[in-house]
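Count the sequence shown with our numbering and you get residues 727 to 1317, in order. We put the beta carbon where it would ideally sit given N, CA and C, even for glycine.
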Amino acid sequence: MPISEGAKAWVAEVAALTTPDKIVWCDGSEEERVRLTEEAVKDGVLIPLNQDKMPGCYLHRSHPSDVARSEHLTFICTPRADEAGSNNNWMAPAEARDKAGALFKNSMKGRTMYVVPFLMGPAGSAFSKAGVELTDSIYVVLNMRIMTRMGNVVWDHLKGSNDFTKCLHSLGELDPDKRYIMHFPQDNEVWSIGSGYGGNALLGKKCLALRVASYLGRQQGWLAEHMLILGVQTPKGDLHYICGAFPSACGKTNLAMLVPPKEQAAKGYKVWTLGDDIAWLRPGEDGRLWAVNPEAGFFGVVPGTSSKTNPNAMTTIAKNTIYTNVALRPDGTVWWEGHDDPAPKEALDWQGRPWTPDSPERAAHPNSRFTAPAAQCPSISPEWENPPGVPISAILFGARRQRVVPLIYQALTWEHGVFLGATLSSETTAAAAGKVGVLRRDPMAMLPFCGYNMADYWGHWLKLGDKLKSPPKIFRVNWFRTGENGKFLWPGYGENLRVLQWIIDRCEGLGEAEKSFLGYIPTRRAIDRSGLDVSDSVMDQLLHVDRIDWVDALYGQSLFFEKFGDRLPESIREQHESLARRVSGALQQFE
Ligand code: GTP
Ligand code: SPV
Ligand code: MN
């Protein structure tokens, strides 16, 4: 198919503003990948790794001030501030275009502008969305090639239409003081300048597939979520698909690629991977909720990845992978904290500086990442590119909470489940610039990614539930509870399947539970611990809920909800009040 006319006109317009030396239209071919990779190596953007040990793998080092998403420089630029809500930074569209426009002026002088057509979702699917990213970063092009369906496939998909998201990106000066990530959802447009890092620069990911898509989803009756998608095959042969929303660096990739522990594998459990970061959800004609992964690759956290924690990821990233900000060993292979191998005697750290095990700093950046094709994952589901997606049995909301939140509990109803999502809070991680380990509210793990007012978003969740004859059951999970010694109580990773087993039991009307003031909590014996070294007392600590803690939590929830004023859906207010009543009832019983 010919290139859409709207794309040609827009490219000319942007070229006039940014004045690149050269314009390259990307076609997505293998020949193009080889040529661009060679160029990136020549320019020092990519360092080839040991091609015998790691075929097709390269290392990229970011600017040290550009290693995570910049949430404080990310704006939703809707005509009115209340459309963006207190969950977003807002700027008036005209002001945003002026501010960023001034930075884009001549920003590509002396550089090449790449035209990167890309699809979020499989080609030919009515649910897929097209985008065109104009960028002066060859690293962005090569990453987009892995993370999306990139190239001529897009023009075929569009069939001449101009229905694509305009994604404008320039590295600018890579100066945090001259950096903006601006979203104009009403215009289906994103402008990003001054950063080359993942979520700030690969505009198909968080910018299109979450912020813009969530805005469109509200208008069109679907949801764009920060969720993994996995399938669990039970010994009976049934398949249950599960989505999980966990904040950044809280375990989505690991859960999505879970390898069953020996005991469970022997019983006949099998886990399939469909997506590790983003899910688009729609009600199906059968009254169930269906999920599609719009991405084609994984942009995953490297540190902590090993054959012990995530063997499927280790296989996935053994070839054709771009590593960002990890350490380089003398033999041209990479290393990071938590790698299978012990610390190398000498290496170059993520900034290319000599490093030894005695160095005070970490060898790999805590937010170092791999970019790898999803198709390389050994557990990739045969259904992962199925245009209508897969039907969802359960939705998990998970986060990092050292205290207060038990390992697992189940919501009483869909409305209560939406409330569990709305009150999700987590200790911050290195995935966004800022302090690590600070507790913050992160509703549905979407605080940094919801393209409109969060109160309206909760309303949209509630309305969508009304359309579902068989809504997924909703659960809250927490792999990160710690004991007195500060160590994690739950072994996590593959052993999380034991928690999924209870979740599936509950979906099938089984699974022993006690009704607590929080929701349904499994009895100690309802979690399968066969072959696992977790004592009864540790299990009790994991499942314990403390009433005083929840009096405190209720107060924090009120303060948070106040920020949304009258827009807060009545049903969320009711859920909060009924939790308060249940907690105080529990307190009276306690006294
Ligand atoms: P984003 O890509 O930022 O959205 O992150 P993610 O949610 O996919 O998180 P990921 O699976 O990459 O995990 C982040 C960190 O949490 C890694 O360092 C993991 O080793 C660690 N982690 C993941 N699952 C578990 C678990 O079950 N228990 C413990 N203790 N740590 C875990
Ligand atoms: C996250 O931070 O949630 C990520 C990485 O998945 S990024 O693409 O930078 O958003
Ligand atoms: Mn993420």
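Out of the options, which has the shortest C-alpha to C-alpha gap to residue i?
i	options	result
proline 902	Pro1080, Pro790, Phe910 and Lys931	Pro790
threonine 1041	Ser896, Ala766, Pro781 and Pro774	Pro781
glycine 1311	Leu1244, Ser1196 and Gly1001	Leu1244
phenylalanine 1096	Tyr1049, Asn1222, Thr1139 and Ala1125	Tyr1049
glutamine 946	Tyr1183, Arg1255 and Val958	Tyr1183
asparagine 1019	Ser1033, Val1028 and Asp1002	Asp1002
glycine 957	Met983, Pro805 and Trp1187	Met983
proline 1169	Val866, Ala1156, Ser1152 and Ala1158	Ser1152
glycine 685	Thr1035, Gly1220 and Tyr784	Given that the chain is displayed from residue 727 to residue 1317, the structure contains no residue 685 and the question cannot be resolved.
alanine 1279	Leu1165, Ile1004, Asp1266 and Ala1252	Leu1165
alanine 1157	Ala975, Val737 and Ser896	Ala975
glycine 1115	Glu1240, Gly924 and Ile968	Ile968
glutamine 777	Arg761, Lys1045 and Gly886	Lys1045
isoleucine 919	Pro1248, Trp1228 and Met834	Met834
proline 1295	Lys978, Pro1198, Trp1187 and Leu1226	Trp1187
lysine 748	Val793, Thr838, Ala820 and Leu799	Thr838
leucine 1258	Gln1102, Val737 and Gly1218	Gly1218
arginine 926	Leu900, Thr1149 and Val997	Per the sequence presented here, residue 926 reads as asparagine, with arginine not at that position. Taking only the C-alpha atoms, the option nearest asparagine 926 is Leu900.
aspartate 862	Gln1128, Met1265, Thr744 and Asp1266	Thr744
arginine 1126	Val997, Ala1159, Trp948 and Leu1215	Leu1215
leucine 1319	Trp1061, Glu765 and Val841	As shown, the chain starts at 727 and ends at 1317. That puts residue 1319 outside it, with no answer to give.
serine 921	Ser1261, Val793 and Ser812	Val793
serine 796	Ile1229, Glu758 and Lys904	Lys904
leucine 981	Ile773, Arg1251 and Ser1105	Ser1105
proline 746	Ser896, Ser812, Val916 and Val866	Ser896
glutamate 1087	Glu739, Val1130, Asn1179 and Glu1063	Glu1063
Taking DSSP as the reference, what is the three-state secondary structure of residue i?
i	result
histidine 1186	helix
tryptophan 1216	coil
tryptophan 948	coil
glutamate 1317	Because glutamate 1317 carries a pLDDT of 45, less than 50, the predicted location of this residue cannot be relied on, and the following value inherits that uncertainty. Residue state, collapsed to three classes: coil.
valine 858	strand
threonine 874	coil
alanine 742	helix
proline 1104	coil
proline 728	coil
isoleucine 1043	coil
phenylalanine 1175	coil
glycine 1291	helix
glycine 1163	coil
glycine 836	coil
arginine 806	coil
arginine 1095	strand
histidine 1270	coil
glutamate 1063	coil
proline 1080	strand
glycine 1115	coil
valine 750	strand
alanine 849	coil
From the DSSP secondary-structure annotation, give me the bridge partner or partners of residue i.
i	result
valine 997	Val958
histidine 895	Ser918
proline 1009	Leu1015
glycine 977	Per DSSP, none; premise fails for glycine 977.
histidine 786	Thr1050
cysteine 969	Ile955 and Ile1121
valine 1203	Gly1124 and Ile1134
isoleucine 708	It is not possible to answer for residue 708, since the shown part of the chain is limited to 727 through 1317.
threonine 1208	Phe1214
isoleucine 1253	None, per the DSSP bridge assignment.
asparagine 1038	According to DSSP, asparagine 1038 bridges with nothing at all.
Taking 7 Å as the cut-off, is the beta-carbon of residue i closer than that to any non-hydrogen atom of the ligand SAM?
i	result
threonine 1097	The model depicted lacks the ligand SAM and carries the ligand GTP, the ligand SPV and the ligand MN instead.
Worksheet item: Would you call the segment 1180 to 1197 and the segment 1138 to 1155 touching, i.e. three or more CB-CB distances under 8 Å?
Response: Contact holds between the segment 1180 to 1197 and the segment 1138 to 1155, because three or more Cβ pairs, one in each stretch, are under 8 Å apart.
Worksheet item: Hey, which residues come within less than 5 Å of the ligand MN, measuring from Cβ to any heavy atom, in chain order?
Response: In chain order, the residues positioned with their C-beta nearer than 5 Å to some heavy atom of the ligand MN are Ser974 and Asp1003.
Discussion item. Within 8 Å, do at least three Cβ pairs link the segment 1005 to 1023 to the segment 1063 to 1070?
Written reply: These segments do not touch.
Worksheet entry | Given 8 Å, three or more beta-carbon pairs between the segment 926 to 940 and the segment 857 to 877 | Judged by pairs of C-beta atoms under 8 Å, the segment 926 to 940 touches the segment 857 to 877, as three or more such pairs exist.
Worksheet entry | Stretch pair the segment 1100 to 1116 + the segment 837 to 851: three plus CB contacts closer than 8 Å | With three or more CB-CB distances shorter than 8 Å, the segment 1100 to 1116 counts as touching the segment 837 to 851.
Worksheet item: Are the segment 1025 to 1035 and the segment 1090 to 1107 touching by the rule of at least three beta carbon pairs closer than 8 Å?
Response: Judged by Cβ distances under 8 Å, the segment 1025 to 1035 makes contact with the segment 1090 to 1107, as three or more pairs qualify.
Worksheet item: Is there contact here, the segment 1272 to 1281 with the segment 1199 to 1217, by at least three beta-carbon pairs under 8 Å?
Response: By the criterion of at least three beta-carbon pairs nearer than 8 Å, the segment 1272 to 1281 is not in contact with the segment 1199 to 1217.
Worksheet item: How about the segment 900 to 918 and the segment 791 to 810: do they share at least three Cβ pairs that are nearer than 8 Å?
Response: With the cut-off at 8 Å, the segment 900 to 918 and the segment 791 to 810 touch.
Worksheet item: Is the segment 1132 to 1141 in contact with the segment 1195 to 1202, if contact means three or more CB pairs nearer than 8 Å?
Response: Three or more Cβ pairs closer than 8 Å define a contact, and the segment 1132 to 1141 meets that threshold against the segment 1195 to 1202.
Discussion item. Assess contact between the segment 1076 to 1091 and the segment 984 to 998, defined as three or more Cβ pairs (one per stretch) separated by less than 8 Å. Is contact present?
Written reply: Contact check between the segment 1076 to 1091 and the segment 984 to 998: fewer than three CB pairs, one atom from each, fall below 8 Å, which does not count as touching.
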